[in-house]
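**Q** Got a structure for you, written out below as structure tokens; questions coming shortly.
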Amino acid sequence: MYDRCRGEIGLKNWEYIRGDLIIAADGVNLVARTILEESGRSSFENTGVAAYRATVDVERIKNDPEPSWLLDRPSLNLWLDSVDFLVRVGDQRHVMTYIIGAGKSFNMALSHPDHSDPSTWDQATALAD
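First residue of the sequence shown: 1, per UniProt numbering; consecutive thereafter.
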């Protein structure tokens, strides 16, 4: 059970937890989506864009001379599909990278055009692709 007005969630053992923020992070087909949606139904919006995300141990990058420059000055790095930038990733494709996990992990988000129906997504199919 979730009470959005009280910021409270009920667990299977009937324990209730209250907080300023409740994060439901169990994937695109998450159970909480139906609870959080006003209509009580899960809905998806096709934005025409999807993203691959990955994290890499910072030590692996430090030991590879080709990408190690990304760690010289820790910051948010963006590669956008725009004539205003020197680097073009590709048509409607973007890359964003930054360090997370107290400096131990390197996060990457790579977006690309995708017009498939988001309600049909599942992890097994995505991994096979």
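Every residue gets a Cβ at the ideal spot worked out from N, C-alpha and C, and that includes glycine.
#1: In three-state DSSP terms, what is residue 80?
#2: Alpha carbon to alpha carbon, how far is residue 110 from residue 80? Give it in angstroms, no decimals.
#3: Closest to residue 118 by C-alpha separation, out of 71, 21, 46, would be which residue?
#4: Under 7 Å from any heavy atom of the ligand ATP, does the C-beta of residue 19 make it?
#5: Find the nearest neighbour of residue 68 within the set 99, 6, 51, judged by alpha-carbon distance.
#6: For residue 54, write down the residues that DSSP places opposite it in a beta bridge.
#7: With distances taken from CA atoms, which of 128, 112, 126 is nearest residue 48?
#8: If you draw a straight line from the C-alpha of residue 120 to the C-alpha of residue 50, how long is it?
**A** Inspection of the coordinates gives the following:
#1: coil
#2: 10 Å
#3: 46
#4: Judged by which ligands are present, the structure shown has none, so any question about the ligand ATP falls away.
#5: 99
#6: 108
#7: 112
#8: Looking at the two C-alpha atoms, the distance is approximately 13 Å.
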